[in-house]
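Each remark here refers to the structure printed beneath this line.
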Amino acid sequence: MADDFPSRLPVPKDWSRRAKIGADAYAMKYRQSVEDPEAFWREELKRISWIKAPSQISDVSWTKDDLHIHWFADGVLNACANCVDRHLPECKDDIAIIWEGDDPADDARITYGQLYDEVRRFANALKAIGVKKGDRVTLYMPMVPEAAYAMLACARIGAVHSVIFGGFSPDSIAGRIEDCQSEFVITADEGVRGGKTIPLKANVDKALEKAKGVKAVLMIRRTGGKVGFTEGRDHWYHDVAKRVDLDCPPEPMEAEDPLFILYTSGSTGKPKGVLHTTGGYMVWASMTHEYVFDYRPGEIYWCTADVGWVTGHTYIVYGPLANGATTVMFEGVPTYPGPDRMWAVVDKHQIEILYTAPTAIRALERFGDEPVKKHSRKSLRLLGTVGEPINPAAWTWYHEVVGEKRCPIVDTWWQTETGGALITPLPGATDLKPGSATTPMFGVKPALVDAEGNFLDGATSGNLVITGSWPGQMRTVYGDHQRFFETYFATYPGLYFTGDGARRDEDGYWWITGRVDDVLNVSGHRLGTAEVESALVSHKDVAEAAVVGFPHDVKGQGIYCFVTLNQGVDGSPELSAELRQHVRQEIGPIATPDAIQFAPGLPKTRSGKIMRRILRKIAENEFDNLGDVTTLADPAVVDDLVANRKNT
Ligand code: 6R9
């Protein structure tokens, strides 16, 4: 185990030689991108095939009365055609998707030519069940190639997909379907992960008891397990597919037509439908995928995310396929059937670029070096991480053991809202510092502000804001433009507030320190404390709940819940277990509380606001440092909370 972490790793020689973007090119291009964005984007937009090339670059206003973000607005294109059709003349027989099943014996290779057929067939199947341009289509899918076909098929006909991660509960599905008035759902009979089946269709059926507006459900057969079938509403994909032909020209879409909605957690209320549009998102996805991974066609690239998250959208589907890449889709989990699965997959498919999450790295590091070293990993040349800050110890293990010090690591900081990477090294250009996301992507202007919104200069810490728009920026919160303003532009007028804290060091490198709002990051999954609280208080025995995060060795953050029960109800281990189960049912397994502490009272100010700062300290086991408690209505509650803290 390496305890002293290298403080700065220069770009390896072979990288500075081969990379498309070296240090000088990065400096030059970055300068141009912020000083003359018109010229920069006029060049970069050419990476996309436009039906009508845009003449306009950007038109952006972040003010309350006129909040709009337009990029390439008079351009016309189709995202699916960019990911599929345009590669056919030269790359018809190249592999577009390598699918690796949960069972190591299951895999498939889909060429661009086959993808073209599959996507057109899928698109016509969607039309056959009544989907039209502009309709919202909900996807609740396992990690099978059909998930990518379905996304691309929506894009092809101009429908807007809303993918829901397969780990969400029926209630969460219902909420998301209702929020965007989606009339169509695509799912599978069951999913398979880590040797277990996931009742996808059964969850959809339950969700649709609540969400009434759904007209049609299209179902893929994955396991052949027995599932419910509602006549008139449900359709087997293989039946519909038999009846349609392959002719399906891509729908011409305006650059600012919606491409997808993706729900994500914020600090208040229910999850927000983050809306991305077509032109800017595609330019951003393609550009960042190419530069961040120094990608060249023919290379085998594996992003281990699920398509239910934004990382899966941008860096499994849209970015790589726009660039004609071979993208790997993995159905399983990193530890099944054994803790060497990732490295077995790397060797099996000769993966050259591996992009995963710190939580996976920490989980695998626990099994030691042996499972890694059992496999050659010779094909690897670049590693990446995303989703949460990576601690230098995990970074170093990834670098030294997994990558044998030969592979740079790109630690990419970004958000569902940003569409793609905003702060990240470029492997041929950027010296690395373990734990730092390093430098901004082209066109991105990060800054630090204090609580009052004053800009902070030099080496210091503060709240991370972005001072100008980039093409991949979200355009609105679906159906709630006001909330879009309140969430991102009201805190610091004129600036995009990320919700993250950061430090800038003496070299101008960026270090993301984590959320400064009430958003948790559990195993790289975003979760609002408010969501968990509202799930808890929906239980009949719960009067009040406050949820905070605490540092967790593998998950990054764990979920600690303070729960006040109704009069006459006593806390017990059974009730604790029931509440955990209740939260799983309401939101999904990713929200399972790690600790539940029954508390007769919560620390509140005299105006009734819960003082989370104190609860966080208790959950973190830092009693000596509770800070000022004199503003509390009843300081005695703190003693009780400290005395009854749960071990984490
Ligand atoms: C892509 C994605 C966004 C939040 C973000 C931040 C955290 C993501 C990170 C990182 C430190 C990185 N985050 N990447 N923190 N270093 N490289 O994860 O999107 O699910 O919306 O989460 O994740 O806190 O604000 P999303």
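Numbering follows UniProt numbering, with no gaps: position 73 of the sequence shown is 73. From the three backbone atoms N, C-alpha and C, an ideal C-beta is built for every residue, glycine too. These numbers come from a predicted model, not from an experiment.
Extent of the continuous alpha helix (DSSP H) run through residue 284
In this chain, the alpha helix (DSSP H) harbouring residue 284 covers 279–292.
Would you decide whether residue 242 is buried or exposed? Buried here means 16 or more other CB atoms lie within 10 Å of its CB.
exposed
8 Å contact criterion, which residue 279 and residue 72 should meet: CB distance rounded
4 Å
How long is the line joining the alpha carbons of residue 500 and residue 516, rounded to whole angstroms?
5 Å
Between the C-alpha atoms of residue 444 and residue 130, what's the straight-line distance to the nearest angstrom?
41 Å
Is the separation between the beta-carbon of residue 194 and that of residue 142 shorter than 8 Å?
no
Would residue 630 be called buried (16 or more neighbouring beta carbons within 10 Å of its own) or exposed?
By the 16-neighbour rule on beta-carbons within 10 angstroms, residue 630 is exposed.
In this structure, does DSSP put residue 2 in helix, strand or coil?
For residue 2, the pLDDT reaches just 45, beneath the cut-off of 50, and the residue's location in the model is therefore unreliable, although a value from the coordinates is still provided. Here residue 2 sits in coil by DSSP.
What are the partner residues of residue 411, as DSSP defines its beta bridges?
385
Enclosing beta strand (DSSP E) for residue 313 [first to last residue]
Premise fails: residue 313 is in no beta strand (DSSP E) and is neither H nor E.
Would you give the residue range spanned by the beta strand (DSSP E) that residue 90 belongs to?
No beta strand (DSSP E) holds residue 90; the alpha helix (DSSP H) holding it covers 88–91.
Nearest candidate by alpha-carbon position, reference residue 402, set 426, 351, 414 and 618
351
In chain order, what residues of the same chain lie with their CB nearer than 7 Å to the CB of residue 1, ignoring the 5 residues before and after it?
In this prediction, residue 1 scores a pLDDT of 42, lower than 50, which makes its location untrustworthy; no coordinate-derived value is stated.
Among all the DSSP beta bridges, which residues are the ones paired with residue 60?
Beta-bridge pairing links residue 60 to 69.
Counting beta carbon pairs with one atom in the region 354–370 and one in the region 387–396, are three or more of them shorter than 8 Å?
Yes, the region 387–396 is in contact with the region 354–370.
Would you give the residue range spanned by the beta strand (DSSP E) that residue 397 belongs to?
Segment 392–397 is the alpha helix (DSSP H) holding residue 397; no beta strand (DSSP E) there.
Between 119, 532, 456 and 17, which has its C-alpha nearest residue 508's C-alpha?
456
Hey, is residue 284 close to ligand 1, as in C-beta under 7 Å from one of its heavy atoms?
no
Among residues of its own chain, excluding the 5 on either side of residue 436, which ones have a beta-carbon nearer than 8 Å to its beta-carbon?
411, 505, 509, 510 and 511
Residue 209 to residue 585 span [Cα, whole Å]:
Spanning the two alpha carbons is a distance of roughly 15 Å.
Taking the alpha-carbon positions, what's the residue 525 to residue 438 distance?
22 Å
In angstroms, rounded to a whole number, what distance separates the CA positions of residue 31 and residue 94?
36 Å
Scan the region 434–511 and note each continuous beta strand (DSSP E) run of 3 residues or more that stays entirely inside, going in chain order.
446–449, 460–466 and 496–504
Neighbourhood of residue 10 by C-beta, 8 Å cutoff - its chain only, sequence neighbours within 5 removed:
431
Got a sec, what are the start and stop residues for the beta strand (DSSP E) residue 525 sits in?
525–528
Would you kindly work out how many angstroms separate the C-alpha atoms of residue 13 and residue 399, rounded to a whole number?
Cα to Cα, residue 13 sits roughly 16 Å from residue 399.
Is it right to say residue 349 is buried, meaning 16 or more other beta carbons lie within 10 angstroms of its own, or is it exposed?
With 16 or more other Cβ atoms within 10 Å, it is buried.
Where residue 17 and residue 427 are concerned, what is the direct C-alpha to C-alpha distance, given to the nearest angstrom?
11 Å
Threshold first: 3 residues or longer. Then list the beta strand (DSSP E) segments lying entirely within the region 341–387, N to C.
353–356 and 382–386
As assigned by DSSP and simplified to three states, the class of residue 234
Note: residue 234 maps to strand in three-state DSSP.
For residue 496 versus residue 453, is the C-beta spacing smaller than 8 Å?
No, the Cβ-Cβ distance between residue 496 and residue 453 is not below 8 Å.
Quick check on residue 70: buried or exposed, where buried means 16 or more other Cβ atoms within 10 Å of its Cβ?
Per the 10 Å Cβ criterion, buried.
With residue 175 as the anchor, note down where its alpha helix (DSSP H) starts and where it stops.
170–179
If you scan the region 548–626 from start to end, which runs of the beta strand (DSSP E) of 3 or more residues do you find wholly inside it?
556–565 and 595–598
Kindly list the residues whose CB is nearer than 6 Å to the CB of residue 314, restricted to its own chain and excluding five residues on each side of it in sequence; keep chain order.
Closer than 6 Å at Cβ, skipping near neighbours: 285 and 420.
Report the rounded CA-to-CA distance for residue 519 versus residue 92, giving the unit in angstroms.
Separation of residue 519 and residue 92 (C-alpha to C-alpha, rounded to the nearest whole angstrom) is 44 Å.
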